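Trainee:
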Amino acid sequence: MISTASLQLSYLVAAVLFIMGLRQLSSPRTAPKGNATSAVGMLIAVAATLLAFHIVKPVDFLIGVGAGTLIGGVLALRIQMTAMPQLVALFNGLGGVASSLVVLAELTRPKAAALAGSSLVAGGLGILIGNITLMGSLVAFGKLQGVIPTGAIRSRTLPWVNLMLLLASLAFSGALIGAPDNPVIVLSLVGLSLVLGVTGVMSIGGADMPVMIAFLNALSGLAASATGFALHNEVLIVAGSLVGASGVILTNIMCKGMNRSLGNVMFAGVGIADGAGGVVAPGGGIVKQASPEEAALMLTESELVIVVPGYGLAVAQAQHTVRQLADELEKKGVEVVYAMHPVAGRMPGHMNVLLAEADVDYEKLKDLDEVNPMFPQADTVLVVGANDVVNPVARTDTSSPIFGMPILDADKAGSCIVLKRSMRPGFSGIDNPLYTNDRTMMVFGDAKDTLVELVARVKQS
Amino acid sequence: MTVELVGALMVFVLAVFVGFEIISRVPPTLHTPLMSGSNAISGITIVGAIVVVTAGYAGVARWLGVAALAMATINVVGGYVVTQRMLNMFTSRKKSRKGDRS
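These protein sequences, in sequence, are chains A and B.
Counting from 3, one number per residue, gives the positions in the first sequence under the numbering used here.
Counting from 928, one number per residue, gives the positions in the second sequence under the numbering used here.
#1: What number of angstroms, rounded off, separates the C-alpha of alanine 982(B) from the C-alpha of alanine 988(B)?
#2: Run the CB neighbour count on aspartate 62(A), radius 10 Å, all protein chains shown included, and call it buried at 16 or more, exposed below.
#3: Could you check where the beta strand (DSSP E) with proline 394(A) kicks off and where it finishes?
#4: Quick one, which of Val420(A), Leu52(A), Ser28(A) and Ile134(A) has its alpha-carbon nearest alanine 292(A)'s?
#5: Please list, in chain order, the residues of the region 966-988 of chain B that have any C-beta partner in chain A closer than 9 Å.
#6: According to DSSP, simplified to helix, strand and coil, what is alanine 341(A)?
#7: Would you report the Cα separation of histidine 322(A) and valine 385(A), rounded to the nearest angstrom?
#8: Would you kindly report the start and end of the unbroken beta strand (DSSP E) that includes phenylalanine 446(A)?
#9: Anything in chain B within Cβ reach of serine 243(A), meaning under 7 Å, just list it in chain order.
#10: Give me the Cα-Cα distance between cysteine 257(A) and leucine 264(A), rounded to the nearest whole angstrom.
#11: Can you grab the Cα-Cα spacing for the pair isoleucine 4(A) / alanine 54(A), in whole Å?
#12: Can you pull out the residues from the region 949-965 of chain B whose beta carbon lies closer than 8 Å to at least one beta carbon of chain A?
#13: With H, G and I counted as helix, E and B as strand and the rest as coil, what does DSSP make of lysine 422(A)?
#14: Whether or not the region 122-129 of chain A and the region 228-242 of chain A are in contact is what I'm after, with contact meaning three or more pairs of Cβ atoms, one per stretch, closer than 8 Å; do they touch?
#15: Does the beta-carbon of proline 378(A) have 16 or more other beta-carbons within 10 angstroms, so that it is buried, or is it exposed?
#16: Under a three-way DSSP split, which group does valine 245(A) fall into?
#17: Could you tell me the distance, in whole angstroms, from the CA atom of phenylalanine 446(A) to the CA atom of valine 383(A)?
#18: Taking the beta strand (DSSP E) that lysine 368(A) belongs to, which residues open and close that run?
#19: Let me know the secondary structure DSSP gives isoleucine 977(B) once reduced to three states.
#20: Pick from Ala69(A), Ile239(A), Pro161(A) and Pro212(A): whose alpha carbon is nearest that of phenylalanine 20(A)?
#21: Along the region 992-1014 of chain B, what residues have a CB closer than 8 Å to any CB found in chain A?
#22: So the alpha helix (DSSP H) isoleucine 950(B) belongs to, where does it begin and stop?
#23: To which residues of the same chain is lysine 366(A) closer than 6 Å at the C-beta, ignoring the five residues directly before and after it?
#24: Looking at chain B, is there any beta carbon in it that lies within less than 9 Å of the beta carbon of glutamate 337(A)?
#25: Using C-beta distances below 8 Å, list every residue in its chain close to phenylalanine 1017(B), excluding the 5 sequence neighbours before and after it, in chain order.
#26: Following the continuous alpha helix (DSSP H) through proline 960(B), name the residue where it begins and the one where it ends.
#27: Tell me, please, whether the CB atom of asparagine 184(A) is closer than 9 Å to any CB atom in chain B?
#28: So, with DSSP's three-state summary, where would you put threonine 382(A)?
#29: Chain B partners of valine 192(A), CB-CB under 7 Å?
#30: Let me confirm a value: glutamine 26(A) is counted as buried when at least 16 other C-beta atoms fall within 10 Å, else exposed. Which label applies?
#31: The beta strand (DSSP E) with proline 185(A) in it runs from where to where?
#32: Mind checking the region 95-106 of chain A against chain B and listing, in chain order, the residues whose C-beta falls within less than 7 Å of any C-beta there?
#33: Interface residues of chain B around methionine 342(A) at Cβ under 7 Å?
#34: Decide yes or no for the touch test of the region 192-200 of chain A against the region 132-148 of chain A: beta carbon pairs closer than 8 Å, at least 3 of them.
#35: What residue from Lys145(A), Leu140(A), Leu146(A) and Gly199(A) has the CA that sits closest to asparagine 164(A)'s CA?
#36: Under a CB-based cut-off of 9 Å, is lysine 450(A) close to chain B?
Set out below in structure tokens:
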């Protein structure tokens, strides 16, 4: 057993280690150490808590930690890098529900009525935010995994339903003050917040997922903070608010990447089949098709090739093949860089992780601001499974739902090769004039198969 | 408002500011590891779960506590392990660059 003062001191050390760990995450070189630092902080917080409290039922502790370690460890080690967005969503949800369950356990224990008013309101918020995080993350998981339809839903009533659910949940959180052990209030709060998690995320389309995942990340932190207020536990408050801040920053960056506000993402699904302006009617332009031989020739004769990876790269699991192609081109003296759009893929930094897995040097990954001036000098752009992020209507057509979204200027390059499954528009459902551009060649088929063929052709030439 | 609550609020607000300061510097390349690493930190709720479980409540409260502990542990263990896996990919490249599949 250690004293309360020692426990608090250990929590302080843990909080400092979390902050140091996050700081070290700002450079790829120090990042692995940063993650380890933060893990040590967690270990100290857990160990100190165990030493400070007398364990009445060790079996319960072993069941919880044992099952959690096993499931978490296996998931983390087995997961494919392409499935990372789903896993992050799932872990987010579990963190949220854990916070909610801690509060519920506090409320259902004997003498719960003796809890202070502020603790109860904070606890109510912990349940509310935690449950929204859980259900929101599960819906996001389902959409990413393809179990739930990924399309956006536009509805005039849904935002109002969500608002009502939110207000009702807040009212029940407040009502806990009068009757913390009243099962009707507690269960209503639990039920409403679970429903709100589903209805809140259900309407959000696949292309908006990076915003949603980042937002759910922020919520999982805030749930921990709220639980910290309920339990008067400072380390929960500090760690939770750090995560909340990080999630809010990422959400903001993702919103800027689409030139939309968080409210707009949450309440207005983009590109539903009401034909919102700025579309080139199917067949409205001539699509030039190229064979892999022609494409390979164009690539080998270039001096600078810019690769634009998108979600299609992840779907086709073609990250290693893209790197092989780049290697072959580099052997022939072609310079290859990658254009990274902040919202390409399904979570913040999704494409970066995939390319890192394929051992692509991160110095070749160029941000939007850095790469856009390079397009006019590029001989060939290779678009692999990206769509909305290279759609020029975002620059030109004020009536388009994606107008104003910063895009990669692939249309300004000498020529453009687009690897695509079919002429189907992207998740936003908006046609892309880049495909009918004079200087664009489409190569249809599975991105990975096409890339494998390109690698072979480039090698031969 | 009690003094205790104000103290807790102070801790919360200051930590939010610290969070904003340190995280604004993270480059886009590391956004996914940042998210999954910070997600592991949000598993700090494991401490709350331990407090609840060690108190040895009976009945419903007991099982809610055990469930909370299991979920939080998945979040912590899984979050840190998967983040480390990702980060190792970001740093391992220079060494393994030559000599692998050509």
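Just so you know, even glycine gets a beta-carbon here, dropped at the ideal spot from N, CA and C.
All values derive from a computational prediction rather than experimental measurement.
Mentor: Reading it off the structure:
#1: 10 Å
#2: buried
#3: Element bounds for proline 394(A): n/a, residue is neither H nor E.
#4: Val420(A)
#5: Asn966, Ala967, Ile968, Ser969, Gly970, Ile971, Thr972, Ile973, Val974, Gly975, Ala976, Ile977, Val978, Val979, Val980, Thr981, Ala982, Gly983, Tyr984, Ala985, Gly986, Val987 and Ala988
#6: strand
#7: 16 Å
#8: 442-446
#9: Phe939, Ala942, Val943 and Gly946
#10: 6 Å
#11: 5 Å
#12: Ile949, Ile950, Ser951, Arg952, Val953, Pro954, Pro955, Thr956, Leu957, His958, Thr959, Pro960, Leu961, Met962, Ser963, Gly964 and Ser965
#13: strand
#14: yes
#15: exposed
#16: helix
#17: 16 Å
#18: 367-369
#19: helix
#20: Ile239(A)
#21: Gly992, Val993, Ala994, Ala995, Leu996, Ala997, Met998, Ala999, Thr1000, Ile1001, Asn1002, Val1003, Val1004, Gly1005, Gly1006, Tyr1007, Val1008, Val1009, Thr1010, Gln1011, Arg1012, Met1013 and Leu1014
#22: 930-950
#23: Val339 and Tyr340
#24: no
#25: Thr956, Leu957 and Pro960
#26: 958-969
#27: no
#28: strand
#29: Result: empty, since nearest Cβ-Cβ is about 11 Å, beyond 7 Å.
#30: buried
#31: Not the beta strand (DSSP E): proline 185(A) falls in the alpha helix (DSSP H), residues 185-204.
#32: Leu96, Gly97, Val99, Ala100, Ser101, Leu103, Val104 and Leu106
#33: Pro955
#34: yes
#35: Gly199(A)
#36: no
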